Amino acid sequence: MSLELPGWVVDAFNFLGLPWPAIDEDELRGWAKDLREFTTEITQLSQLSHDAVHGLKDTNQSGAVSTLAEHWDHHHSQMMAMRGPMHDFAGALDIAAKAVEIQKGVVIAEASALAAEVIATQGEALFTLGIAEGELPLEIALTKTAVKFVLQELENKIVGYLVNQAAEEVSNNVSATVSKMLTGSTTVVFETLTLKADYQALQRVAATARTHKSRVENASIRAHRRANARKIETHSAGGKWHVVQVLEAALKSIAEDIFRKLPGTLHRVLDETEKDLEKAAAKLKATDGKVADDAPKPLTEETPLPDGSGGGIPPVKPPERPAGSARYPSPEDPMAVVRIQVDKANSDRTWFEQHYRSDGHRHSTEGRDENGNPLPQLKPDPTRPGKWIPASDAPPPLPPLYKDGPSKVGDRPGDDHPHQKALDEAAAKRQRAIDADQAAHQAQKDAQAAYDANPTPGNKRARDDANTAHPPLHDQMSRAGEDLGDAAAANHAIPENFPGATRVDNRARGKNRFDQIWRRPDGGFVVVEAKASPTTRLGDRASLPDGPLSGRQVMQGHRAYFEAIIVQMEKRGAGDLDEAKLAVELQKALDDNKLDYVVVKAKSEDGQYDGYVMRHFDIDQGS
């Protein structure tokens with residue numbers, strides 16, 4: 037808390053016309069703290085942007101991309117060079133705050149003696165100002181001189197050191213940095229024929245630049261607002277001290293330089309980078325579209341086979357890498373494939389039984405036909421008894437591919453395992469939740485049946501009550517299952533298979549995020565989707581609308597799913613620097629093949645934890 041002039045000394049200071057050093061040392065320290073935090077944030081954003089551009093360079097041989105990376109080397113080096121001057125100025129603020137605090141203590145000590153002397157010798161004259169300067173007793177005059185000397189010393193430190201030296205130095209550094217960054221423009225001409233990367237990579241880095249541009253702007257606004265809100269001058273009684281006005285003017289000027297000009301320049305560089313990359317992506321996408329128009333069209337039911345024997349798609353082996361590109365499949369009309377599959381289900385009983393249960397549900401939600409195409413769920417055709425139609429108007433979600441080799445099965449760890457008790461409790465909690473949900477579901481069915489048989493007001497109330505009681509219990513069951521899957525991965529599967537890995541996600545729940553993210557000792561990552569049981573199906577979501585799958589649903593484990601979650605992390609990164617940094621690191625690990633993407637499914641028996649099953653997704657191939 038800032039030192040203030042004691043009230044009983046105020047009258048003596050007023051009487052002698054001495055100013056109190058009305059500078060709030062706590063506000064100076066707060067200014068220094070704000071500056072350090074801003075320095076960290078702005079340089080981290082520069083680092084993340086620099087890494088994103090260089091990640092593009094690592095997977096691209098284009099001369100334009102190399103030029104862009106060289107520009108970013110220049111800009112980033114200028115931003116990083118500002119860390120020293122800004123930290124130095126923060127240190128100068130701390131030194132000034134300490135000097136204010138010390139000198140205030142000296143002034144208070146001198147002023148206390150002064151007040152006693154004035155009151156003892158002047159009495160009522162103190163309050164009537166009935167004494168001239170030349171009439172002051174020697175003791176009072178000497179004390180007043182001592183106070184003036186202390187104030188002059190403090191003025192020398194604040195004006196001479198903080199304002200004239202430290203503030204001027206950091207201001208000159210900002211001006212030089214801004215000038216150098218604006219001289220080294222980022223504008224790069226991307227020639228379509230020189231590009232060796234897919235437009236998705238360009239769009240991804242453009243989106244990163246856009247996100248960081250927004251974060252730079254927000255950081256600038258916050259820091260400038262905080263600086264303006266800090267009140268350096270206190271409101272103690274006593275004469276006005278001119279040093280306060282000098283200091284306030286200097287800090288206002290520095291705030292404009294550091295919190296406005298410097299981030300404004302980085303914002304401009306990011307804006308230029310974003311626009312250049314978006315233009316390049318559009319060019320490359322247009323080129324890809326022209327190539328696709330010139331390519332042979334995929335077979336359909338009406339396409340004659342080579343032997344002239346009618347139409348259809350001849351059976352082929354599932355490709356080692358999906359057709360269409362190295363990562364993503366075509367066909368361009370997936371519902372055309374669904375129609376062919378439905379026709380086959382209606383005409384080939386053996387084929388139907390191989391892939392479907394008698395009610396039209398697939399044996400596996402990740403099932404594929406002999407051509408590697410995902411299978412749609414079916415339902416009875418209401419207009420044609422005994423026939424099937426698709427259960428949805430949309431194509432089925434694209435399932436993941438898995439790396440070769442059997443699933444990793446982890447057995448019950450044993451009573452000596454440090455987490456066995458917690459794992460058993462998680463399994464028991466899930467079993468209790470399942471039992472409660474099933475009981476509520478049965479009560480719901482019974483109440484509905486009773487109402488259908490006898491629709492009385494009492495039966496209606498019972499049915500409504502049962503309908504109200506069931507959903508919360510179902511939610512509790514889902515949550516208990518999530519907890520068990522999370523515990524199996526965090527406390528058993530990952531430590532057992534990736535020794536030394538450290539969990540780095542923020543452990544938040546909800547959609548649009550991975551269940552767990554771990555950093556391997558070698559700097560790579562392990563990304564986990566955790567499930568409650570071996571039969572729990574993978575979730576799905578829409579792929580990126582402007583991506584190669586045009587928003588088609590994809591399951592967890594698919595590369596397009598992974599990339600869509602990265603975009604969600606980048607969006608959250610607009611308000612969370614750690615999330616933004618992690619998104620960039622994951623994307624780089626994906627591009628550099630330094631990432632394990634796994635699903636861990638817990639096993640339990642009669643409410644007791646019984647180990648796990650783990651499989652590695654193959655996101656190098658797509659699906």
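Numbering (this note's numbering), first residue to last: 37 to 659.
For glycine and all other residues, C-beta sits at the position ideal for the given N, C-alpha and C.
Keep in mind that this is a model prediction, so the values were computed, not measured.
Query: 8 Å Cβ cutoff met for R466 and A498; Result: no
Query: Proximity of M122 and T75 at Cβ, strictly below 8 Å; Result: yes
Query: Inter-residue CB distance, E565 and V620 (contact presumed, cutoff 8 Å); Result: Wrong, their Cβ atoms sit about 21 Å apart, outside the cutoff.
Query: Spatially closest choice to E77 from G441, S400, L313 and R251, by CA coordinates; Result: R251
Query: In DSSP terms, what A578 is bridged to; Result: Q589
Query: Pair within 8 Å by beta-carbon distance, A237 and S85; Result: no
Query: Contacts around R404, its chain only, beta-carbon distance under 6 Å, and the 5 residues preceding and following it disregarded; Result: P410
Query: Sequence-distant residues of the same chain with beta carbon closer than 8 Å to R545, five excluded per side; Result: E518
Query: Whole-angstrom distance between G536 and L520, CA atom to CA atom; Result: 22 Å
Query: Cβ neighbours of A502 in the same chain (closer than 6 Å, five flanking residues each side left out); Result: A479, Q480 and A483
Query: 8 Å Cβ shell around L622 - same chain, five flanking residues per side excluded; Result: I553, F561, V563, I602, M605 and L631
Query: C-alpha distance - A88 paired with Q80, whole-angstrom precision; Result: 12 Å
Query: Rounded separation between A316 and Y597 - CA only; Result: 24 Å
Query: 3-residue-minimum beta strand (DSSP E) runs that sit fully inside the segment 52 to 128, ordered along the chain; Result: none
Query: Helix, strand or coil at S256 according to DSSP, with G and I counted as helix; Result: helix
Query: Closest by C-alpha distance to D541, when choosing among D654, S215, P442 and K617; Result: K617
Query: Segment limits, alpha helix (DSSP H) that includes A483; Result: Q456 to A489
Query: Cβ pair count under 8 Å reaching 3, the segment 411 to 424 against the segment 484 to 492; Result: no
Query: Residues of its chain near E532, where Cβ-Cβ distance is below 7 Å and the 5 sequence neighbours each way are ignored; Result: G446
Query: Sequence-distant residues of the same chain with beta carbon closer than 7 Å to D460, five excluded per side; Result: Q644 and Y645
Query: Neighbour-count burial assignment, T33, 16 or more Cβ in a 10 Å radius; Result: In this structure the chain extends from 37 to 659, so residue 33 is not present and cannot be described.
Query: Range covered by the beta strand (DSSP E) that runs through E672; Result: With the chain covering 37 to 659 only, the question about residue 672 has no answer from this structure.
Query: Under the three-state DSSP convention, the category S289 falls into; Result: helix
Query: Beta-carbon proximity check, R595 vs I655, cutoff 8 Å; Result: yes
Query: 8 Å Cβ cutoff met for S82 and S207; Result: no
Query: Selected residue, minimal CA-CA separation from I268, among E61, M591 and H399; Result: E61
Query: Ordered list of beta strand (DSSP E) runs contained in the segment 411 to 439, each at least 3 residues; Result: 414 to 416 and 424 to 426
Query: F653 burial status per 10 Å Cβ neighbour count (16 or more: buried); Result: buried
Query: Nearest neighbour of E406, chosen from R385, Q390 and A243 [CA to CA]; Result: Q390
Query: Coil, strand or helix - G348 by DSSP; Result: The predicted model places G348 with a pLDDT of 41, which falls under 50 and marks its position as unreliable, so this point remains unresolved.
Query: Same chain, Cβ closer than 7 Å to A463, five either side skipped, listed in chain order; Result: L520, S640, G643, Q644 and Y645
Query: Cβ-Cβ distance between P436 and G587 below 8 Å; Result: no
Query: Residue range of the beta strand (DSSP E) that includes Y392; Result: No beta strand (DSSP E) holds Y392; DSSP gives it neither H nor E.
Query: Identity of the residues DSSP links to S215 by a beta bridge; Result: The partner list for S215 (beta bridge, DSSP) is empty, contrary to what the question assumes.
Query: C-beta contact flag for V280 and I131 at 8 Å; Result: no
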